[in-house]
Structures are given as structure tokens and as C-alpha cells.
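**Student:** Residue numbers (the numbering used here): -2 to 205.
Glycine is no exception: its CB is placed at the ideal position from the N, C-alpha and C atoms.
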Ligand SMILES: [Zn+2]
């Protein structure tokens, strides 16, 4: 009996509603199929779009997402503070009429300076055009026809998660070697620590 109940609970969780009874395996299948059908609608996830329809109808979405909600990005940062403002706009390319998404991110993340190894706030700002192919072959063909290296051609789907695209864009916008423009001179503060000089004297030394 336990074995029979376990998948029912999983199915209920997927749909976001607790379900007390699970009549049959047939119902479980129907539940799974329905959850697939509704994946592309706002009912399930406000950030999942039909990328082709979104492009055709000149769709537009924007928002501000905390770095803490982007696990892959947060992993590459010194901490999960800060947030990313983003915008996704759909359109059809000219002159070919290929579906495309213009994706912009603008925010600040905490990175570790590779010269002095202290964290600092690094602004990231990036904008890119993603053209959409129906499958790999279609994407390759579009790439060849447009012959433009500034445009990425990806395989679009009818249930694309905008947040994945936004997070990818933010990750690509991170500097390869994060560095302060000018590193703080920590030598005087280190000296203050080792010689037990008061921090105020150390600061005076920094000013002069
Ligand atoms: Zn530095």
C-alpha cells in the first residue's frame, strides 16, 4: 500500500495541491499529463513563456530578482546580496522574421577582487539578442543565414523559463577576472593589526 501511495503524493505536490485520495494509476497519469499542458501558462509559473508566441506578439516582461533567488549566480559571487533588474522583449527579426528575444540585465553583485582578495560591489550590465530556432537543425540554419556573431541562436520552446535566461545572461556578464579599479591599500591596516596601532592612527597614515 505504501508503494502505491508514494507516487500519488508526488503527483499532488507537482500540481501544488494536496490530494487526499488517489483513485488509480490512470488518474495519476492524467494528473501528470495535465500538469504538462498547463506548464506554459501563468497559472503554473509567471516566468514561463511560449517563446515563439511571446516573440510574435511583441511580448515584454521585466522585474527585479534578488541574487539570492538565482542559485547558480549566487554560487559565483562572494555572497548572495544585491539584485538584478531585467527585461525581456519579444519581436520578429528584420528582414527574415525570425522570433527573437532581447534580454537585458542590470544590477550589482558582490565579487572577490583577484588582486587583493577582498569582496567588492561589481556592477553588471548586459544586453543581448537571442534568436529562436525550432530545433537544433533550424537554429543552425538561422545562424548561417543571418551570419551575425553578435546574435546567439538558441533552440526555443513553448515553455521557456525566463528566469533561466536572465540568470544565464547575468552569469555571462560577470567579469572573467574581477578586480578593483584601484585596490584599497590594506598594508597599513595590516600593520596596525600586527603592531597594535590604533585604527585611527592607521587611518591618518592612509590619508597622508
Ligand atoms: Zn582589490
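From residue 153 to residue 162, what distance separates their C-alpha atoms?
**Tutor:** Each residue's alpha carbon lies about 11 Å from the other.
**Student:** Using a threshold of 8 Å, is the CB atom of residue 127 nearer than that to any non-hydrogen atom of ligand 1?
**Tutor:** Result no, Cβ not under 8 Å from ligand 1.
**Student:** For the beta strand (DSSP E) that contains residue 84, what are its first and last residues?
**Tutor:** It spans 80 to 89 - the beta strand (DSSP E) in which residue 84 sits, taken as one unbroken run.
**Student:** Kindly give me the distance between the Cβ atoms of residue 52 and residue 87, rounded to whole angstroms, as I take these residues to be in contact under 8 Å.
**Tutor:** Rounded, the Cβ-Cβ distance is 4 Å, consistent with contact.
**Student:** Between the alpha carbons of residue 36 and residue 125, how many angstroms are there, rounded?
**Tutor:** Legend: pLDDT at residue 36 = 43, less than 50; position of this residue unreliable, value from coordinates given subsequently. Answer to the nearest angstrom: the Cα atoms are 26 Å apart.
**Student:** Assuming the contact rule is C-beta atoms closer than 8 Å, residue 128 and residue 148 should be a hit. Round their C-beta distance to whole Å, please.
**Tutor:** Rounded, the Cβ-Cβ distance is 5 Å, consistent with contact.
**Student:** Reducing DSSP to helix, strand and coil, say where residue 96 ends up.
**Tutor:** Residue 96 falls in the strand class under three-state DSSP.
**Student:** Within a Cβ cutoff of 8 Å, which residues of the same chain sit near residue 176, ignoring the five residues on either side of it in sequence?
**Tutor:** These residues qualify, in order along the chain: 110, 111, 112.
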